[in-house]
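Residue 1 is where the sequence shown starts when you use full-length UniProt numbering, and the numbers rise one by one after that. Idealized CB from N, CA, C, for every residue including glycine. One structure is given here, and the rest of the page talks about it.
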Amino acid sequence: MGLIEKIDDLGKPAWIALMVLSFILFWPVGLALLIYLKGSGRMFCSKRYGQWNMPDGRSCREEFRGWKRRHGWGRHSSSGNVAFDEYREETLNRLDQEQREFRDFLDKLRAAKDRAEFDQFMADRRNRPANEPPAPTAA
1 MGLIEKIDDL
11 GKPAWIALMV
21 LSFILFWPVG
31 LALLIYLKGS
41 GRMFCSKRYG
51 QWNMPDGRSC
61 REEFRGWKRR
71 HGWGRHSSSG
81 NVAFDEYREE
91 TLNRLDQEQR
101 EFRDFLDKLR
111 AAKDRAEFDQ
121 FMADRRNRPA
131 NEPPAPTAA
């Protein structure tokens, strides 16, 4: 396993610590590391379609929840009952999966609606007489 994969396993705090340390020791290295992190998407999320997403399509909120769960942060600490902890983890994973599927369904639904509206616009445009000026748009 390479150095980058090891730091990725530790998460964003490790990247931040490495970047701060590199700025302290030799600022051009820190600047190069900052540019690398921004370009690779390891450090920041991008806002697209009104939601913050990671480069691979996962939402930042899901990524943060997963990181907290992997590192034992948050309200989901061990209850002391292994069977219950397994059940809770399976249920949370199932709910996360259902949430992703529902979000994908909504995205497909929006895309179909947009496609239908565009097709209607193009049909109206084709059926319009050539000498008639275009209808004014509401501002």
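- Spanning the alpha carbons of Gly66 and Ala112 requires a straight line of approximately 31 Å.
- Here the alpha carbon of Glu98 sits roughly 12 Å from the alpha carbon of Glu90.
- In this structure, Ile7 lies near Leu18, with their beta-carbon atoms less than 8 Å apart.
- Trp27 and Leu37 have their C-alpha atoms roughly 15 Å apart.
- The C-alpha of Arg110 lies about 20 Å from the C-alpha of Ala123.
- Assignment of Gly66 by DSSP, reduced to helix, strand and coil, places it in the helix class.
- Beyond the five residues adjoining it in sequence on each side, Ala14 comes within less than 7 Å, by CB distance, of Ile7 in the same chain, given in chain order.
- The C-alpha of Ile35 is placed about 10 Å away from the C-alpha of Val29.
- The Cβ atoms of Glu62 and Asp96 sit closer than 8 Å to each other.
- In the structure shown, the three-state DSSP call for Phe26 is coil.
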